[in-house]
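*Asks:* Handing you a structure now.
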Amino acid sequence: MDGSEKGMNSQEAWERFVEVDASPRRTESIQALHNYFCEHKDQITRSVIELFDLFFQHIVEQQLEGSRGKCASIQLSLLRTRLQEGHLEYMLEAFELGLPDQVEMTPFRYHADWIYSLWDSWYQYCDEQRRKYAQHIQSPLLEAWAREQVPPFHEYMTHAVRYAMEEISVLPSFSSLQKEKKFEVRVGEYRDSEQTESVYRINEVQRLSVSCKGWLESLLEQEYIYEHIQGVDVSRGGYSKINLNYARLEQVNFRDCTIQNSYLLGTRFQRCDCRQSDFRGSVMIDADFRDCNLEEAWFDQVYAVRNLMNEERGIIFGIHGVCFQRANLTKASFRYAQVTGDFTYAVLDEVDFTGADLTGSRMLKQDEQRVILSEEQRSSICWVEG
88 MDGSEKGMNS QEAWERFVEV DASPRRTESI QALHNYFCEH KDQITRSVIE
138 LFDLFFQHIV EQQLEGSRGK CASIQLSLLR TRLQEGHLEY MLEAFELGLP
188 DQVEMTPFRY HADWIYSLWD SWYQYCDEQR RKYAQHIQSP LLEAWAREQV
238 PPFHEYMTHA VRYAMEEISV LPSFSSLQKE KKFEVRVGEY RDSEQTESVY
288 RINEVQRLSV SCKGWLESLL EQEYIYEHIQ GVDVSRGGYS KINLNYARLE
338 QVNFRDCTIQ NSYLLGTRFQ RCDCRQSDFR GSVMIDADFR DCNLEEAWFD
388 QVYAVRNLMN EERGIIFGIH GVCFQRANLT KASFRYAQVT GDFTYAVLDE
438 VDFTGADLTG SRMLKQDEQR VILSEEQRSS ICWVEG
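Residues 88 to 473 in the numbering used here are what the sequence shown lists, from first letter to last.
Written out as C-alpha cells, the structure reads:
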C-alpha cells in the first residue's frame with residue numbers, strides 16, 4: 088500500500104478501489120468496445136444472421152414434423168455458467184405460447200469473443216490493482232462484483248441483434264417460421280426474464296385507428312416501448328412527452344401530430360407519413376426515419392447525437408446516429424438542433440438548418456450546393472459520393 092491507502096478499513100479500501108481503479112478502467116473498456124462495434128458492426132452481424140438463419144430452418148423443420156407449435160418468441164440467452172469457464176457464450180431458444188418455462192438446451196451458440204476479450208482484460212487489470220490494497224480486497228469479492236458488471240458489456244450483443252434484425256426479418260427461413268400474432272425476438276440472460284430486452288416485435292393483432300390514437304394520447308409511461316404499430320391513422324394526435332423508445336411504427340399515418348419533448352431513442356418509423364408533424368425538443372438518438380415523408384416537419388432543438396457516455400451506468404447512447412436516408416425533408420426545420428444524422432439520398436429542398444450542430448452527419452456531395460449551411464456546418468459534415 089502507498090501512503091494514501093494506509094490505515095483504510097476494508098470498506099474504505101473497496102470504495103477507493105471502485106472509484107479510482109475499477110470504474111474509470113471500465114469506462115475505457117466500454118468506450119473501446121463501443122468503438123470496435125461501431126467499426127465492425129456489419130462484420131459482427133453477418134455471423135449473427137447466419138446463426139439465426141440456421142436456427143429458424145431447424146425450428147421450421149420441427150414445425151413441419153408437428154413436434155413444435157407456433158413460436159411466441161425467440162431468445163438469444165447469455166449462459167452465465169460459461170463465463171466462469173472463460174467464454175461469453177449465447178444460446179438461441181424458441182418459446183411457444185403458454186410454455187414460457189420450457190427448457191431446451193440447443194446447439195445453436197454464439198461466442199461473443201469480441202465482447203469477452205475486453206471484459207476479461209478489464210477484469211485482469213482490476214485483479215492486479217486490488218493487490219495494492221493488501222488483504223482488504225479478496226479475490227472472490229472482486230470476481231463476484233466483476234460478474235455483476237457484465238451487463239454494460241453484454242449490451243453490445245443486444246445492439247448487434249437489434250441491428251441484424253433488419254436483415255434477419257427478411258430471411259426466407261424467418262418468413263417460413265410459424266409465429267403467433269404477437270411475436271418477438273429478445274436478447275438476455277438464460278432463465279432470467281428480468282434481464283432480457285426486446286429487439287424486434289411483430290404485432291398482427293388488428294388495431295382500429297381510433298382506438299390506437301386514443302391509446303397513444305393516453306401517454307402511458309411504459310406502454311409503448313418496443314411496441315410494433317402498423318397500418319393505422321393516428322394523424323393530428325397530441326403525443327407530447329410520449330415515450331416511444333425502440334418502438335417500430337410501420338406505414339403509420341403520423342401526419343400533423345404534436346410529439347414535442349418526447350423520447351424516441353432507437354424508434355423506427357418505417358415508410359410513415361409524418362408531414363407537418365412537430366418533433367421539437369425531442370430526444371431521438373438512433374431514431375430511424377428512412378423512406379418517410381417528413382415534408383414541413385419540425386425538428387427544432389431535437390437532441391440526436393452519437394457517443395453519449397453515462398459513466399455511472401457504463402452505457403454509451405448513440406450507435407448509428409439518426410437516419411433520414413431517402414426521406415422527403417422538403418421544407419423541414421432543424422433550427423438549433425443537435426443532430427448526427429445520415430441525410431444521404433434524402434430530399435433536402437429548402438430545409439432550414441439555422442443554428443443546427445450537424446457534426447458527424449453525412450450528406451451527398453451532389454447536395455452540397457443545394458443545402459443552405461454556414462461554413463462551420465459545411466466543414467462539420469462528411470460529404471460522400473452518391
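The beta carbon of each residue, even a glycine, is placed where N, CA and C say it ideally should be.
Taking DSSP as the reference, what is the three-state secondary structure of Arg335?
*Replies:* Your numbering for residue 335 matches position 248 in the sequence shown. Correct three-state label for Arg335: strand.
*Asks:* Which of helix, strand or coil does DSSP assign to Thr345?
*Replies:* Within the sequence shown, numbered from 1, the residue matching residue 345 stands at position 258. In this structure, Thr345 counts as strand in the three-state DSSP scheme.
*Asks:* Go ahead and pull the three-state DSSP assignment for Lys418.
*Replies:* Stepping through the sequence shown from its first residue, residue 418 is reached at position 331. Coil.
*Asks:* Just reading off the alpha helix (DSSP H) that Trp232 is part of, what are its end residues?
*Replies:* On the sequence shown, position 145 is the one that residue 232 refers to. Run containing Trp232: 226–235, per the alpha helix (DSSP H) assignment.
*Asks:* How big is the Cα-Cα spacing for His407 and Asn96?
*Replies:* Along the sequence shown, one-based indexing puts residue 407 at 320. Along the sequence shown, one-based indexing puts residue 96 at 9. Rounded to the nearest angstrom, the two C-alpha atoms are 45 angstroms apart.
*Asks:* If you draw a straight line from the alpha carbon of Arg169 to that of Ala251, how long is it in whole angstroms?
*Replies:* Residue numbering aside, residue 169 sits at position 82 when the sequence shown is read from its first letter. Residue numbering aside, residue 251 sits at position 164 when the sequence shown is read from its first letter. Near 24 angstroms, if we compare the C-alpha coordinates of Ala251 and Arg169.
*Asks:* Counting only the same chain and skipping the five closest in sequence on each side, list residues whose C-beta sits under 7 angstroms from that of Gly442.
*Replies:* Taking the sequence shown and counting its residues from 1, the one referred to as residue 442 is at position 355. Same-chain partners within the cutoff: Arg422, Tyr423.
*Asks:* Roughly how many angstroms separate the alpha carbons of Glu106 and Arg112, rounded to a whole number?
*Replies:* Against the sequence shown, residue 106 aligns to sequence position 19. Against the sequence shown, residue 112 aligns to sequence position 25. C-alpha separation (whole angstroms): 10 angstroms.
*Asks:* Apart from the five residues just before and just after Phe143, which ones in its own chain have a Cβ nearer than 6 angstroms to its Cβ?
*Replies:* Counting from 1 along the sequence shown, the entry for residue 143 is found at position 56. The residues are Ser260, Phe261, Leu264.
*Asks:* Which parts of the segment 270–316 are runs of the beta strand (DSSP E), unbroken and 3 residues or longer, counting only runs that do not cross its ends?
*Replies:* Segments of the beta strand (DSSP E) lying fully in the segment 270–316: 279–290.
*Asks:* Reducing DSSP to helix, strand and coil, say where Val248 ends up.
*Replies:* On the sequence shown, residue 248 is found 161 positions in, with the first residue counted as 1. In this structure, Val248 counts as helix in the three-state DSSP scheme.
*Asks:* Under a Cβ-count criterion, where at least 16 other Cβ atoms within 10 Å of its own Cβ denotes burial, should Val471 be classed as buried or exposed?
*Replies:* The residue given as residue 471 occupies position 384 in the sequence shown. Result: exposed.
*Asks:* Do Asp360 and Phe386 have their C-beta atoms closer together than 8 angstroms?
*Replies:* Residue numbering aside, residue 360 sits at position 273 when the sequence shown is read from its first letter. Residue numbering aside, residue 386 sits at position 299 when the sequence shown is read from its first letter. The answer is no: Cβ separation not under 8 angstroms.
*Asks:* State the start and end residues of the unbroken beta strand (DSSP E) segment that holds Cys469.
*Replies:* In the sequence shown, counting from the first residue as 1, residue 469 sits at position 382. Taken as a continuous stretch (DSSP letters only), the beta strand (DSSP E) holding Cys469 covers 469–471.
*Asks:* Report the residue from Glu137, Ile136, Lys157 whose alpha carbon sits nearest the alpha carbon of Ile146.
*Replies:* Taking the sequence shown and counting its residues from 1, one reaches residue 146 at position 59. Among Glu137, Ile136, Lys157, the Cα nearest to that of Ile146 belongs to Lys157.
*Asks:* Should Asp129 go down as buried or exposed, given a rule of 16 or more other Cβ atoms within 10 Å for buried?
*Replies:* To locate residue 129, count along the sequence shown from 1; it is residue 42. Exposed, by the Cβ-count rule.
*Asks:* According to DSSP, which residues form a beta bridge with Lys268?
*Replies:* Taking the first residue of the sequence shown as position 1, residue 268 is located at position 181. Its beta-bridge partners do not exist; DSSP assigns none.
*Asks:* Give me whichever residues DSSP pairs with Val426 in a beta bridge.
*Replies:* Taking the sequence shown and counting its residues from 1, the one referred to as residue 426 is at position 339. DSSP output for Val426 lists Ala391 as bridge partner(s).
*Asks:* For the beta strand (DSSP E) containing Cys158, list its first residue and its last residue.
*Replies:* The residue given as residue 158 occupies position 71 in the sequence shown. Cys158 -> beta strand (DSSP E) spans 158–165.
*Asks:* Candidates Gln225, Gln236, Lys219: which alpha carbon is nearest Ile202's?
*Replies:* For this step, residue 202 is matched to residue 115 along the sequence shown. Among Gln225, Gln236, Lys219, the Cα nearest to that of Ile202 is on Gln236.
*Asks:* Find the nearest neighbour of His121 within the set Ile403, Leu307, Phe411, Glu463, judged by alpha-carbon distance.
*Replies:* Numbered from its first residue, the sequence shown carries residue 121 at position 34. Minimum Cα distance to His121 is reached at Ile403.
*Asks:* Give me the DSSP bridge partner(s) of Gly325.
*Replies:* Within the sequence shown, residue 325 is the residue found at index 238, counting from 1. DSSP, once it has assigned bridges, lists Thr345 as partnering Gly325.
*Asks:* Considering only residues of the same chain and omitting the five flanking positions on each side of Cys469, which have a CB-CB separation below 6 angstroms?
*Replies:* Mapped onto the sequence shown, residue 469 falls at position 382. Excluding residues within five positions, the ones whose Cβ falls inside 6 angstroms are Arg449.
*Asks:* Please state the DSSP three-state secondary structure of Thr350.
*Replies:* Taking the first residue of the sequence shown as position 1, residue 350 is located at position 263. The question names Thr, but residue 350 in the sequence shown is Tyr. Tyr350 falls in the strand class under three-state DSSP.
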